[in-house]
Structure formats: structure tokens, C-alpha cells
Amino acid sequence: MKSRLLDGSMVLNTTAFYSLLDDLQVRNFTGVTFTTANADRASSWGFELDLQWLPPLDGLNVAGSLGFTEAEFDRFPNGTALATSDADTQDLSGRPLPYTPKVSASFHPTLALPLLPSWGIGALCGVDFLYRSSRFLDSDLDPNTHQDATAKVNARFALVDQSGRWALTFAGKNLSGAKERLLIIDQPLLKGNYVAFPLVDEPTFTVNFRWNFG
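Taking numbering that gives the first Met the number 0, the leading residue of the sequence shown gets 0, the next gets one more, and so forth.
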């Protein structure tokens, strides 16, 4: 559904989905090579929402999104076994799909305002709130490969020439210092040990100056 509300000041789009997958190929890295197993059946359902709103306050712009996904293996009796187990397989039927957060959300308010009108200088302030819920980062759903939920905050402040000739921007990324990993794999030769691949997203501060010669 696509909609325009509040006398056209808000654009709201929503999507609902349901997917059913037969013979889903699930890849797993053993630490030496990749293996592939076929999940008999998997399903996912949920919704996505995004909005853009211009509130009745000059210069304020609010954007955001929300996603919810319920994804699981409906039937997967021959799932990849835990590296710490002596079994060849494990039954993952009814367990969540890896790498899939149940909830993801973002919120982006920005405010533009005249700072020194007589000099033609304005200011732009913005904040980004980013959230992803917990998820497994390996196909065997080992509890040690579970990534906790993350909440990140970015912020920026800019001085801008209102004619568009130049802009000076101060920005901070991941001010909350959230730690997030992309993948965790087993070390098969050392049972109970793991290798984690972190997302390089340390708190970062930058200054950027842009000049338009056009």
C-alpha cells in the first residue's frame, strides 16, 4: 500500500509478505570447506513500513522505517550439527533462519534552519537511530554464534551556504559504540573455539568541506 496522508505532508508505504521455500539450500563453512544441505521446507512472513513526514514546523523532516520478519525452518531434520557434538546432523525444524533479525528499525529526524540569515548561512542538524534485533550468525544455530541486538546512533551538524555554494559538515558515526559481527564460524580442529568477523564500525568523527565550482 502506498499512501499520502495529513494533507500530503506524510508519505506512508507498507508491504506485507509471505514466502514458502521448498528445498532451501543452506551453506555452512566448516573451517576447511563449504558444505550444502537442503532444508525440506522453510517459510517467512512479515511486513515492512517506511514513512517520510514534513511536520508543521519549518525545516523539520522526519523519516523512518520498520521491518518485522518471522522466518524459520518448517522442516529440516538433517541440519548442520554443532561442532561440539559428535552427531552428524541435528534437527533444526521449527528453529529460526540464521542471519535474519526479527525486527529492524530506523528513525531519521533532520532540522534545517537559518543561522545567520544576513550572511546567507544556514544550519542542518540530523540524527540517525538504527536498530536490529538479535540473530544467529552461523547455519548450525550454535548459541555461541548468537549476535545480540544492536542500537546505533549517528549525528551530524552542517553549516551551509543557502545558495548551495558550500557546506561544512561535522559528523559522528556509531556514537553508541555498538559492537556488531558479520559472521561467526567454528574451528573444527579446536572444538569449542570460534572465529568471529566483526563489522568495522568503530565510533568515528569526521569533518567534511564541500565547495561547488559550478
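Backbone N, C-alpha and C fix where the C-beta goes; we use that ideal spot for every residue, glycine too. Quantities reported herein were computed from a predicted structural model and do not represent experimental measurements.
Item checked: Under the three-state DSSP convention, the category Ser117 falls into -> Within the sequence shown, residue 117 is the residue found at index 118, counting from 1. If DSSP states are grouped into helix, strand and coil, Ser117 belongs with the helices.
Next item on the list: Report all residues from its chain with a CB closer than 7 Å to the CB of Ala177; omit the five preceding and five following residues, and keep chain order.
Entry: Locating residue 177 in the sequence shown gives position 178, where the first residue counts as 1. The residues are Thr149, Ala150, Lys151.
Next item on the list: Quick one: using the 10 Å Cβ neighbour count with 16 as the cut-off for buried, is Val25 buried or exposed?
Entry: Within the sequence shown, residue 25 is the residue found at index 26, counting from 1. By the 10 Å Cβ count, Val25 comes out buried.
Note to self: Going by beta-carbon coordinates alone, are Phe67 and Gly45 separated by less than 7 Å?
What the structure shows: Against the sequence shown, residue 67 aligns to sequence position 68. Against the sequence shown, residue 45 aligns to sequence position 46. Taking the C-beta atoms as reference points, Gly45 is found nearer than 7 Å to Phe67.
Check: Taking DSSP as the reference, what is the three-state secondary structure of Thr144?
Finding: The residue you call residue 144 lines up with position 145 of the sequence shown. Three-state DSSP puts Thr144 in a helix.
Notebook entry, point to check: Per DSSP, which one or two residues make a beta bridge with Ser100?
Noted result: Counted from its first residue, the sequence shown places residue 100 at position 101. Inspection of the sequence shows that residue 100 is occupied by Pro rather than by Ser. Beta-bridge pairing links Pro100 to no other residue.
Notebook entry, point to check: Beta carbon of Tyr193, beta carbon of Asn153: below 7 Å?
Noted result: Start at 1 with the first residue of the sequence shown, and residue 193 comes out as number 194. Start at 1 with the first residue of the sequence shown, and residue 153 comes out as number 154. Contact: no.
Next item on the list: For Gly78, count neighbouring C-beta atoms within 10 Å of its own C-beta (all shown protein chains included) and say buried if the count is 16 or more, exposed if not.
Entry: Counting from one through the sequence shown, the residue named residue 78 turns up at place 79. Its Cβ being crowded by 16 or more others within 10 Å, Gly78 is buried.
Next item on the list: Quick one: measure Cβ to Cβ for Gly119 and Gln161, integer angstroms, because I've assumed they're closer than 8 Å.
Entry: As a position in the sequence shown, residue 119 is number 120, starting the count at 1. As a position in the sequence shown, residue 161 is number 162, starting the count at 1. Indeed, because the Cβ distance is near 5 Å, the residues count as touching under 8 Å.
Checklist line | Secondary structure of Val126, DSSP reduced to three states | finding: Mapped onto the sequence shown, residue 126 falls at position 127. Val126: strand per DSSP, three-state reduction.
Notebook entry, point to check: Taking Cβ positions, are Leu123 and Ala157 nearer each other than 7 Å?
Noted result: One-based indexing of the sequence shown puts residue 123 at position 124. One-based indexing of the sequence shown puts residue 157 at position 158. Contact: yes.
Next item on the list: Would you mind working out which of Asp185, Phe128, Glu179, Ser117 sits nearest Leu140, comparing C-alpha positions?
Entry: Stepping through the sequence shown from its first residue, residue 140 is reached at position 141. If we check each option's Cα against that of Leu140, Asp185 comes out closest.
Check: Quick one: any contact between the region 162-177 and the region 193-213, if contact means 3 or more CB pairs under 8 Å?
Finding: yes
Next item on the list: Less than 8 Å between the CB atoms is what I'm expecting for Pro202 and Arg180, so what's the real figure, rounded?
Entry: Taking the first residue of the sequence shown as 1, we reach residue 202 at position 203. Taking the first residue of the sequence shown as 1, we reach residue 180 at position 181. No, Pro202 and Arg180 are not in contact; Cβ-Cβ is about 17 Å, not under 8 Å.
Check: Taking Asp73 as the reference, which of Asn60, Pro95, Glu47, Trp52 has the closest Cα?
Finding: The count along the sequence shown starts at 1 and reaches residue 73 at position 74. Among Asn60, Pro95, Glu47, Trp52, the Cα nearest to that of Asp73 belongs to Pro95.
Checklist line | Coarse secondary structure for Arg3, derived from DSSP in three states | finding: In the sequence shown, residue 3 corresponds to position 4, counting from 1. The answer is strand: DSSP assigns Arg3 an E or B state.
Check: Which class does Pro197 belong to by DSSP, given the choice of helix, strand or coil?
Finding: Taking the first residue of the sequence shown as 1, we reach residue 197 at position 198. Of the three classes helix, strand and coil, the one that applies to Pro197 here is strand, per DSSP.
Checklist line | Neighbourhood of Leu19 by C-beta, 6 Å cutoff - its chain only, sequence neighbours within 5 removed | finding: The residue you call residue 19 lines up with position 20 of the sequence shown. Only Ser42 meet the Cβ criterion.
Item checked: Under the three-state DSSP convention, the category Lys255 falls into -> Outside the displayed span of the chain (0 to 213) sits residue 255, for which this structure offers no information.
Check: Cα-Cα, which of Ala62, Asp6, Asp22, Ala38 is closest to Pro108?
Finding: Start at 1 with the first residue of the sequence shown, and residue 108 comes out as number 109. The shortest C-alpha separation from Pro108 is found at Ala62.
Item checked: Host beta strand (DSSP E) of Ser42 (start-end) -> Counting from 1 along the sequence shown, the entry for residue 42 is found at position 43. Here the beta strand (DSSP E) through Ser42 covers 33-52.
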